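Presented below is the structure to which this report refers.
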Amino acid sequence: MHAALSKWSQLANSNALLGFIDVTLRGCAQVMFQNNPLTGLLFFAAIFVGAFAEGNPAVAFGSVLGTVAATFTGMHLKDQTSWKAGLFGYNGCLVGVGLPTFLEVTPIVWLCIILGGVVSVIVTICIADILKTWKVAALTAPFVLVTWTMLLASYAFGGLNSHALPLPNLPHDLVAHTPDLLDGIDVFHATFYGISEVFLMSTVVGSLLFLAGLAVSSLWAALFGLVGSLLAVLVASLLLGEQSAINNGLYAFSAVLTAIALGSTFNKPRLRVLIYTLIGVIFTVFVQGALNTVLAPVGIPTLTMPFVLASWLFLVPNKDVMPSHRQ
Amino acid sequence: MHAALSKWSQLANSNALLGFIDVTLRGCAQVMFQNNPLTGLLFFAAIFVGAFAEGNPAVAFGSVLGTVAATFTGMHLKDQTSWKAGLFGYNGCLVGVGLPTFLEVTPIVWLCIILGGVVSVIVTICIADILKTWKVAALTAPFVLVTWTMLLASYAFGGLNSHALPLPNLPHDLVAHTPDLLDGIDVFHATFYGISEVFLMSTVVGSLLFLAGLAVSSLWAALFGLVGSLLAVLVASLLLGEQSAINNGLYAFSAVLTAIALGSTFNKPRLRVLIYTLIGVIFTVFVQGALNTVLAPVGIPTLTMPFVLASWLFLVPNKDVMPSHRQ
Amino acid sequence: MHAALSKWSQLANSNALLGFIDVTLRGCAQVMFQNNPLTGLLFFAAIFVGAFAEGNPAVAFGSVLGTVAATFTGMHLKDQTSWKAGLFGYNGCLVGVGLPTFLEVTPIVWLCIILGGVVSVIVTICIADILKTWKVAALTAPFVLVTWTMLLASYAFGGLNSHALPLPNLPHDLVAHTPDLLDGIDVFHATFYGISEVFLMSTVVGSLLFLAGLAVSSLWAALFGLVGSLLAVLVASLLLGEQSAINNGLYAFSAVLTAIALGSTFNKPRLRVLIYTLIGVIFTVFVQGALNTVLAPVGIPTLTMPFVLASWLFLVPNKDVMPSHRQ
Numbered sequence: 000m001h002a003a004l005s006k007w008s009q010l011a012n013s014n015a016l017l018g019f020i021d022v023t024l025r026g027c028a029q030v031m032f033q034n035n036p037l038t039g040l041l042f043f044a045a046i047f048v049g050a051f052a053e054g055n056p057a058v059a060f061g062s063v064l065g066t067v068a069a070t071f072t073g074m075h076l077k078d079q080t081s082w083k084a085g086l087f088g089y090n091g092c093l094v095g096v097g098l099p100t101f102l103e104v105t106p107i108v109w110l111c112i113i114l115g116g117v118v119s120v121i122v123t124i125c126i127a128d129i130l131k132t133w134k135v136a137a138l139t140a141p142f143v144l145v146t147w148t149m150l151l152a153s154y155a156f157g158g159l160n161s162h163a164l165p166l167p168n169l170p171h172d173l174v175a176h177t178p179d180l181l182d183g184i185d186v187f188h189a190t191f192y193g194i195s196e197v198f199l200m201s202t203v204v205g206s207l208l209f210l211a212g213l214a215v216s217s218l219w220a221a222l223f224g225l226v227g228s229l230l231a232v233l234v235a236s237l238l239l240g241e242q243s244a245i246n247n248g249l250y251a252f253s254a255v256l257t258a259i260a261l262g263s264t265f266n267k268p269r270l271r272v273l274i275y276t277l278i279g280v281i282f283t284v285f286v287q288g289a290l291n292t293v294l295a296p297v298g299i300p301t302l303t304m305p306f307v308l309a310s311w312l313f314l315v316p317n318k319d320v321m322p323s324h325r326q
Numbered sequence: 000m001h002a003a004l005s006k007w008s009q010l011a012n013s014n015a016l017l018g019f020i021d022v023t024l025r026g027c028a029q030v031m032f033q034n035n036p037l038t039g040l041l042f043f044a045a046i047f048v049g050a051f052a053e054g055n056p057a058v059a060f061g062s063v064l065g066t067v068a069a070t071f072t073g074m075h076l077k078d079q080t081s082w083k084a085g086l087f088g089y090n091g092c093l094v095g096v097g098l099p100t101f102l103e104v105t106p107i108v109w110l111c112i113i114l115g116g117v118v119s120v121i122v123t124i125c126i127a128d129i130l131k132t133w134k135v136a137a138l139t140a141p142f143v144l145v146t147w148t149m150l151l152a153s154y155a156f157g158g159l160n161s162h163a164l165p166l167p168n169l170p171h172d173l174v175a176h177t178p179d180l181l182d183g184i185d186v187f188h189a190t191f192y193g194i195s196e197v198f199l200m201s202t203v204v205g206s207l208l209f210l211a212g213l214a215v216s217s218l219w220a221a222l223f224g225l226v227g228s229l230l231a232v233l234v235a236s237l238l239l240g241e242q243s244a245i246n247n248g249l250y251a252f253s254a255v256l257t258a259i260a261l262g263s264t265f266n267k268p269r270l271r272v273l274i275y276t277l278i279g280v281i282f283t284v285f286v287q288g289a290l291n292t293v294l295a296p297v298g299i300p301t302l303t304m305p306f307v308l309a310s311w312l313f314l315v316p317n318k319d320v321m322p323s324h325r326q
Numbered sequence: 000m001h002a003a004l005s006k007w008s009q010l011a012n013s014n015a016l017l018g019f020i021d022v023t024l025r026g027c028a029q030v031m032f033q034n035n036p037l038t039g040l041l042f043f044a045a046i047f048v049g050a051f052a053e054g055n056p057a058v059a060f061g062s063v064l065g066t067v068a069a070t071f072t073g074m075h076l077k078d079q080t081s082w083k084a085g086l087f088g089y090n091g092c093l094v095g096v097g098l099p100t101f102l103e104v105t106p107i108v109w110l111c112i113i114l115g116g117v118v119s120v121i122v123t124i125c126i127a128d129i130l131k132t133w134k135v136a137a138l139t140a141p142f143v144l145v146t147w148t149m150l151l152a153s154y155a156f157g158g159l160n161s162h163a164l165p166l167p168n169l170p171h172d173l174v175a176h177t178p179d180l181l182d183g184i185d186v187f188h189a190t191f192y193g194i195s196e197v198f199l200m201s202t203v204v205g206s207l208l209f210l211a212g213l214a215v216s217s218l219w220a221a222l223f224g225l226v227g228s229l230l231a232v233l234v235a236s237l238l239l240g241e242q243s244a245i246n247n248g249l250y251a252f253s254a255v256l257t258a259i260a261l262g263s264t265f266n267k268p269r270l271r272v273l274i275y276t277l278i279g280v281i282f283t284v285f286v287q288g289a290l291n292t293v294l295a296p297v298g299i300p301t302l303t304m305p306f307v308l309a310s311w312l313f314l315v316p317n318k319d320v321m322p323s324h325r326q
């Protein structure tokens, strides 16, 4: 596999089109922080499996269109190192997944995916410029902000119609009906759906492909992702969150990303990092619940914002907390 | 005209009162980024025309009071270069326009205009201090934040009563009734009202005075403002926004400012800038729709926040995007 | 008293447990910006008096648990100077007060206090890292953000039940019934409750203990706190705020902290500072009203966020406004 990858790299370097495809694949892989075209290929495969299984193929084509639009935009920027690593592509990929998931697919939505892909690159530079003072990455914030803007705008524009947005509503106290822990919770499915819900879909086969994509690039990332998902399911169950939400992985997908980010991407795995990551994952579940409440009156989903907020919170103090950064 | 202006400058430099008037006029002109007392004079004329035409003269007197309060406060600060350019005055001007537009005019509201003018200067320094790390200006954020605070507070205080605030409401999906593009849209009025709605009023004569004020200082600014307004009207129509909102210029006024800021104030006009500005204007329309939805439950208007957010977003990455900044 | 304090310092330095107790006491004192163990002792006494008087002793034990959890976490960080001054403890103290005030006390809530205390330290470092660019402190923002997160999450989790949270509601215009200024306002109780409401309780005896705690550390702090509370009560009455809210000190507690912060902690008392502080206190009352409106749809209290926002706003421009900082 290593030989095949270096063969591919050679090809990608010698041909402009193959080079563009290489960066597009890396863009998809960067959704879970991997700079690896094979990971991107497996991720795209997972997206197509999930989208067709859920009967919404526009999500799959949208992910390709969004990644391509963003990658094409990034090609014209100065920072070609980031571009080659796929760092201008992943938010466009998620915009392309997000819009057709929640909006009725019309020609205007395809235009919005292209515009969203382009603007996601501008938001990426903007946030990266702001955050570099504190040495923290933009994460998926550009995806969330662009998609939120367009989903919120869909309430104001007759040309954008909701497909699956939550109805705007004042928050209600959730009354727990099951006093028994894990009663009614399907831990297996909830954990695996947590992986695929990073791309807004519930699919076990897709999740296995996503995990395979992680594993070919980093075994630690795959492990942290899976453990993060499981821990989040258990914490949400202990707190008696809504069963269907837990079972669909909706309390776990942000935790998956928090776990990979804190545990393997921005720190080297070791005991102190493990404890820090576990606290971060647990807190992500609270942030998920809190954002669900905050967004209820405006009728939009949290997307991966709980991950973004919790990870920024735990990454900024990194150097003050981690002794390994001393040297 | 040039001779008259330099004669005026001489007078303003030699007399404290005339100097203060000069800075107050520049303060008004800075609402649309111009450092020119004649522009300010024409803008004040436009405000008086519009306010009296709409039967709410308090708006006109408020604009003068707010600009004077803010200019007076700024006079006591160290940064006299910014003060002389009117950069401490424009937010006070807009606070003075905004409060009597939305609140019943009582003695307390006049006090609030004075307080708001004073605090707008403090917010201006605060935001400028924060944003100078990224070389971006405060724009009209101080006006928006101070006015939002007071309008939101009006719900909590019996001494401040709403005059024209939107009723707090959960967002509803807008159902489009006209499938035909531009059906029911008055492009001419919508475009011109877009100019005057920067000052929260719908007046064609006022708009012509605002454009004249821009033109005496910068023809590019006048051109970009007008084109930005037209483009925003077309985009909002394509997205099937609410007709009365479009026709009153409510989707265009933030775009006017985005167009002037991105196209002529912070960049030199050229092709790459033009494309960047057009994308910025289009995205401003989405931000306008999104903020309308977000603010619906708390019953306040967006004011120029869509402009502020979109322009910050497009201005921070400026140096990474624009080749002209390389040198 | 001075001799007793230095005797205590000696003991605290020579014994690890006494040292930990010393830092825990200073942590409590830092809620009102004092680095003094005796102040902390008087504050804890006030909390116990108030909590037992209101029939909710969990608030008192929570304050101890939260301060200890945060202090224990801070002990493992590099910045031991801040730790010794109690700067990692005060937000944990307030989290421990806040959660049992608004949530039904269950074993999960005790776990939340511990988690909240730990996370409050991470938030403190995060915000301090971000704000040090502008030389501004984190104030009580970590407490507010952690507690907001958990209170918002309580709507999503059946395992966390509201005890005293406001019902989520769209804002309504307050209709004033008393045209006469101060009619129905109990200025004495409102002013004193304003002091103790910093710790979310209405108690005159507690307020006297809080003032005593301030006075043993700084007479100016005690004076500014009291005057800030009185001014806020008068401003809220002039604006015809809701009588019961004013009488319970709910318009005054943030103003108390603004007054101490602007008037005595981050500036030396002098005329220009006094004027600046008074404007800051008046504006805090508007921010309090505004945040009440903003938070109405999501059903959480403002906590001390009006103080945090107003004080950040007035502290960032400090060096541009205060001539004393020139040297």
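As given, the protein sequences belong to chains X, G and P, one line each in that order.
Here the first sequence stands for residues 0 to 326, numbered as in numbering that gives the first Met the number 0.
Here the second sequence stands for residues 0 to 326, numbered as in numbering that gives the first Met the number 0.
Here the third sequence stands for residues 0 to 326, numbered as in numbering that gives the first Met the number 0.
For every residue, glycine included, the Cβ atom is placed at its ideal position computed from N, Cα and C.
Keep in mind that this is a model prediction, so the values were computed, not measured.
(1) Assuming contact is defined by CB atoms lying nearer than 8 Å, are S216 (chain X) and S206 (chain X) in contact in what I supplied?
(2) Could you tell me the alpha carbon to alpha carbon distance between M149 (chain X) and T257 (chain X), rounded to whole angstroms?
(3) So is G183 (chain P) buried or exposed if we call it buried at 16+ other beta carbons inside 10 Å?
(4) Are at least three pairs of beta-carbons, each pair with one atom in the stretch 109–120 of chain X and one in the stretch 112–130 of chain G, less than 8 Å apart?
(5) What is the residue span of the alpha helix (DSSP H) that K83 (chain P) lies within?
(6) Could you run through the stretch 114–127 of chain X and flag, in chain order, every residue whose CB is less than 8 Å away from some CB of chain G?
(7) Return no unless some Cβ of chain X is closer than 8 Å to the Cβ of N317 (chain P).
(8) Would S253 (chain P) be called buried (16 or more neighbouring beta carbons within 10 Å of its own) or exposed?
(9) For the alpha helix (DSSP H) holding P99 (chain X), just list the boundary residues, first then last.
(10) Using the Cβ count rule (16 or more neighbours within 10 Å means buried), how would you classify P316 (chain P)?
(11) I'd like to check one pair, G39 (chain G) with C27 (chain G): are the Cβ atoms closer than 8 Å?
(12) Return no unless some Cβ of chain P is closer than 8 Å to the Cβ of W109 (chain X).
(13) The alpha helix (DSSP H) spanning I184 (chain G) covers which residue range?
(14) Could you give the first and the last residue of the continuous alpha helix (DSSP H) run that contains N317 (chain P)?
(15) With distances taken Cα to Cα, identify the nearest neighbour of F43 (chain P) among P:T146, P:V234, P:N34 and P:S62.
(16) Flag H171 (chain G) as yes if its beta-carbon sits less than 8 Å from any beta-carbon of chain X, otherwise no.
(17) Please confirm if L37 (chain G) has its CB atom under 8 Å from at least one CB of chain P.
(18) Identify whether S206 (chain P) lies in helix, strand or coil by the three-state DSSP scheme.
(19) Does P296 (chain P) get closer than 8 Å to chain G when you measure Cβ to Cβ?
(20) Examine the Cβ distances between the stretch 144–158 of chain G and the stretch 229–246 of chain P and report whether three or more of them are shorter than 8 Å.
(21) At a Cβ cut of 8 Å, what residues of the stretch 131–148 of chain X count as close to chain G, listed as they run along the chain?
(22) Taking only the alpha-carbon atoms, compute the straight-line gap between P56 (chain X) and F47 (chain X) and give it to the nearest angstrom.
(23) Measure the CB-CB distance between V307 (chain G) and L312 (chain P) and report whether it falls below 8 Å.
(24) Select from the stretch 284–295 of chain X all residues with a C-beta closer than 7 Å to any C-beta belonging to chain P, and list them in chain order.
(25) Work out the CA separation of L76 (chain G) and V320 (chain P) for me, nearest whole Å.
(26) Going straight from the alpha carbon of R325 (chain G) to that of K134 (chain G), what length do you get?
(27) On a CA-only basis, which of P:L213, P:A59, P:Y89 and P:V58 is nearest G73 (chain P)? Give me that one, please.
(28) CB L273 (chain X) to CB G262 (chain X), shorter than 8 Å?
(29) In chain order, what residues of the same chain lie with their CB nearer than 7 Å to the CB of I299 (chain X), ignoring the 5 residues before and after it?
(30) Any residues in the stretch 152–167 of chain X with a beta carbon nearer than 8 Å to a beta carbon of chain G? Which ones, in chain order?
(31) D172 (chain G) and S161 (chain X) look like a contact to me (Cβ under 8 Å); what is the Cβ gap, rounded to whole Å?
(32) Secondary structure at S5 (chain G), three-state DSSP: helix, strand or coil?
(33) I259 (chain X) and F282 (chain X): beta carbons closer than 8 Å?
(34) So for G54 (chain G), helix, strand or coil by DSSP?
(35) Might you give, ordered along the chain, the residues of its own chain that have their beta carbon closer than 7 Å to the beta carbon of L10 (chain G), omitting 5 neighbours on each side?
(36) Could you list the residues in the stretch 75–91 of chain X with a C-beta less than 7 Å from some C-beta on chain G, going in chain order?
In short:
(1) The answer is no: Cβ separation not under 8 Å.
(2) Their Cα atoms are separated by approximately 25 Å.
(3) exposed
(4) The stretch 109–120 of chain X, when compared against the stretch 112–130 of chain G, does not touch it at the 8 Å Cβ threshold.
(5) Q79 to K83
(6) L114, V117, V118, I121, V122, I124 and C125
(7) no
(8) buried
(9) Y89 to F101
(10) buried
(11) yes
(12) no
(13) That residue, I184 (chain G), is in no alpha helix (DSSP H); it is neither H nor E in DSSP.
(14) N317 to V320
(15) P:S62
(16) yes
(17) no
(18) helix
(19) yes
(20) yes
(21) So the close ones are T132, W147 and T148.
(22) 7 Å
(23) The Cβ-Cβ distance between V307 (chain G) and L312 (chain P) does not fall below 8 Å.
(24) Using a CB distance below 7 Å, the part of the stretch 284–295 of chain X facing chain P consists of F285, V286, G288, A289, N291, T292 and V293, ordered along the chain.
(25) Straight-line spacing of the CA atoms in V320 (chain P) and L76 (chain G) works out to 6 Å.
(26) Interpretation of R325 (chain G) is limited by its pLDDT of 33, a score under 50 that renders its predicted location unreliable; the figure taken from the coordinates is listed afterwards. Roughly 15 Å between the two C-alpha positions.
(27) P:Y89
(28) yes
(29) W147, L150, L151 and L164
(30) A152, S153, Y154, A155, F156, G157, G158, L159, N160, S161 and P167
(31) 6 Å
(32) Residue state for S5 (chain G) is assigned as helix, using DSSP reduced to three classes.
(33) no
(34) coil
(35) For L10 (chain G), where only same-chain residues beyond five positions count, the Cβ hits under 7 Å are L17.
(36) L76, K77 and D78
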